[in-house]
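Chains as they are written, first to last, in this note's numbering: chain H, 1 to 403; chain R, 404 to 531.
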């Protein structure tokens, strides 16, 4: 072995490169020597930098080809160092061995690189990776927002339910209290042998029963309307409104009211059953609360198609609703007057039906001179103003999206 | 006394219940929270007579009974005015909220004659 090594470094028979050939100039010689040393230094520095990187970032798992590359570049460096040394120390045998090792390592590296090439080609670029991450974040954020919205809806539904239960218990209890009270009077009177007031007490009990039965009926209606998305069938509002007015004829006559249905109500899409109830409740609301002493009650059902939406409104010439209370009228059992007229649920049902249709319903602000049949951007039919003509009046507008 | 009650039938029931009392009980009915608030403001500023007792229904339109009670208890010189609440719900939170503000009693509807006498005896004492 020692012999072999000695043989490898034996320079007998080889002149140093300076003496090999006739035309070496100092410049050409040093050009070779310095360039080879420069290449060797660089080829040492590159693997050092790579090794430093590997040590500092143990989290990044480097592929085996990385280490092969370091070996390849070190070997290349050494062949250049030997080339420079040969100018003084002609170790051509060592040089040959070094070149053989370099060739083997280089070919192995080539083989490894070719092997990983397809996988490397499929690696997403940093930009693409970023894009994908951003997309995922967007999806996540959207989902979170959706969840928050659903949560808000649940919370407000819960609140609504609580308020509703309170109102129901209060409003259903109130006629019961009346009935209990007057029943007590009846038995007291009977005990005392008095009969002159019995008729009166019986009438009070009957009134309370009627009120309670109306409340229960509307409660059932509210339950039927439910919280479902309404079906989307084409609905002819003209026919629905005419039907409703006809079915309400006795009440309209009793209130000595005049109900006008404007022609050409828009065609919309929705649940005919629910929309029928909506119109009915709006007219009943006007009948119950629109009367002003000494003035005939006039109720108008109107509607108009605007860009992107359709409106339906019911207006009366009654006392009106103060803007401050405009939202409250849609709460269950919320009455603005001391009246036992109506069940107190009519407008709650209207609101629920609007929600089921993804539509809006509101009380028109009497100060807002924009008639209900117009959007502020579309004030070309001022002559059709349905409300605000006589007294203050109330106009309740239903607006639904339409294609 | 002042009766703040929005349901006409209940107000009438009450009036009929105390009919014929000796000495006679003078009952004035205010039928909504807003009107009651206006009245209490007048009493506080001396523009209206102070009643010996206020019978207050908790669920009223426009301004609730709780709000009215809070106003009375926070306003001089009517903060010590005797208030008895009436309610048709037996919701405990209602009663607790009211007793926190200080009431002289509460009556659950329908008001029993015996209950009424007892509370009135306690609150009005020998005043009436």
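For each residue, glycine too, the CB sits at the ideal point set by N, CA and C.
Item	Value
To the nearest whole angstrom, what separates the beta carbons of residue 180 of chain H and residue 485 of chain R, a pair I think is in contact under 8 Å?	Contact doesn't hold; Cβ gap of about 26 Å is too wide.
What are the residues of the segment 162–174 of chain H that lie near chain R, defined by any Cβ-Cβ distance shorter than 8 Å?	166, 169, 170, 173 and 174
Under 8 Å Cβ-Cβ, which residues of chain H neighbour residue 418 of chain R?	The premise fails here: residue 418 of chain R is roughly 11 Å from chain H at the closest Cβ pair, so nothing lies under 8 Å.
Can you give me the Cβ contacts of residue 255 of chain H inside the same chain, cut-off strictly under 7 Å, excluding the 5 residues immediately before and after it?	287, 291 and 297
How many angstroms separate the CA atom of residue 5 of chain H from the CA atom of residue 132 of chain H?	59 Å
Note down the Cα distance separating residue 382 of chain H from residue 395 of chain H, rounded to an integer number of angstroms.	Interpretation of residue 382 of chain H is limited by its pLDDT of 36, a score under 50 that renders its predicted location unreliable; no figure is taken from the coordinates.
In chain R, which residues lie with their C-beta within 8 Å of the C-beta of residue 394 of chain H?	Going along chain R, no residue has its Cβ under 8 Å from residue 394 of chain H, so there is no contact; the nearest lies around 17 Å.
Which residues of the segment 223–242 of chain H have a Cβ closer than 9 Å to any Cβ of chain R? Give them in chain order.	none
Using a cut-off of 7 Å between C-beta atoms, extract the partners of residue 462 of chain R located in chain H.	170
Put residue 192 of chain H into one of helix, strand or coil per three-state DSSP.	coil
Could you list which residues in chain R have their beta carbon closer than 9 Å to that of residue 185 of chain H, in chain order?	416, 419 and 420
Does the Cβ of residue 63 of chain H have 16 or more other Cβ atoms within 10 Å, making it buried, or fewer, making it exposed?	exposed
By the 10 Å Cβ neighbour count, where 16 or more other Cβ atoms means buried, how is residue 1 of chain H classified, buried or exposed?	exposed
Which same chain residues, not among the five before or five after residue 447 of chain R, have their C-beta less than 8 Å away from its C-beta?	478, 479, 480 and 481
Under a CB-based cut-off of 8 Å, is residue 295 of chain H close to chain R?	no
Less than 8 Å between the beta carbons of residue 299 of chain H and residue 350 of chain H, yes or no?	no
Name, going along the chain, the residues of the segment 505–522 of chain R whose beta-carbon falls closer than 7 Å to a beta-carbon of chain H.	512 and 513
In its own chain, which residues sit with a C-beta less than 8 Å from the C-beta of residue 365 of chain H, not counting the 5 before and 5 after it?	323 and 326
Quick check: the Cα distance between residue 348 of chain H and residue 437 of chain R, rounded to an integer number of angstroms?	23 Å
When the Cα atoms are used, what is the spatial distance from residue 465 of chain R to residue 409 of chain R?	10 Å
May I ask you to verify whether the segment 222–237 of chain H touches the segment 350–359 of chain H, counting CB pairs closer than 8 Å and requiring at least 3?	yes
Would residue 533 of chain R pass as an interface residue toward chain H - the criterion being a Cβ-Cβ separation below 8 Å?	Residue 533 of chain R is absent from the structure shown; chain R starts at 404 and stops at 531.
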